[in-house]
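In the numbering used here, the protein residues as written are 702 to 918.
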């Protein structure tokens with residue numbers, strides 16, 4: 702009886718130790734899964750794609766590419782006085798920060814954007830300043846219209862300044878050529894007069910009596 706009681710006690714202790722080990726492993730496994738879930742929830746989302754955005758009342762198109770937390774891409778405005786721009790920024794969790802630079806007509810503009818990402822939409826604010834000293838602030842909203850940035854095409858911007866310069870250059874050439882042509886005509890006329898003498902003009906005023914007379918034949 703005593704030997705059986707001792708064997709039963711040993712088996713009971715072994716079972717208790719095994720149960721404790723399994724419980725500890727389960728707790729440890731649960732902790733790891735929680736940590737993994739936490740890390741995935743804090744990872745940055747993807748914003749790569751083409752976005753239709755609003756800077757106040759002005760609508761623009763932004764094509765964003767993403768590498769980890771770094772953002773870069775292009776932007777355009779296709780309304781009156783269209784322009785093209787470059788974009789750079791970063792993303793942390795669902796917070797997006799962008800800097801946009803563009804040459805608007807004759808002013809260099811810089812736009813800072815801060816927005817919260819919610820699926821395929823972004824909402825936040827923007828601050829704009831340009832090389833003329835003007836500054837403004839307003840609401841920023843954006844909706845993704847395509848996850849593929851290969852369909853992005855830049856805005857068509859007319860090179861108005863170069864055509865104006867060419868017109869001015871042609872005008873200046875015409876002005877400089879006009880006096881030269883007139884002087885050339887005057888010089889040619891003077892030269893022709895010096896080469897050929899009108900004998901009728903030379904004969905005027907000469908007394909015929911002073912000329913020698915021919916002897917009679």
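Just so it is clear, CB atoms sit at the ideal spot from N, CA and C, and this is done for glycine as well.
Please read these numbers as outputs of a predicted model, since none were measured by experiment.
{"Query": "Simplified DSSP assignment, three categories, for residue 851", "Result": "helix"}
{"Query": "Three-state secondary structure (DSSP) of residue 822", "Result": "strand"}
{"Query": "Assigned exposure category for residue 767 - 16 Cβ within 10 Å defines buried", "Result": "buried"}
{"Query": "C-alpha distance - residue 776 paired with residue 749, whole-angstrom precision", "Result": "13 Å"}
{"Query": "Separation of residue 801 from residue 825, as counted between CA atoms", "Result": "15 Å"}
{"Query": "For residue 844: DSSP bridge partner residues", "Result": "753, 822"}
{"Query": "Presumed contact (8 Å Cβ cut-off) between residue 781 and residue 810, rounded CB distance", "Result": "Going by Cβ atoms, the distance from residue 781 to residue 810 rounds to 15 Å, so no, they are not a contact pair."}
{"Query": "Cα-Cα separation, residue 851 to residue 803", "Result": "21 Å"}
{"Query": "Buried/exposed call for residue 762, threshold 16 Cβ in 10 Å", "Result": "buried"}
{"Query": "The region 835-844 in contact with the region 781-796 per 3-pair CB rule at 8 Å", "Result": "no"}
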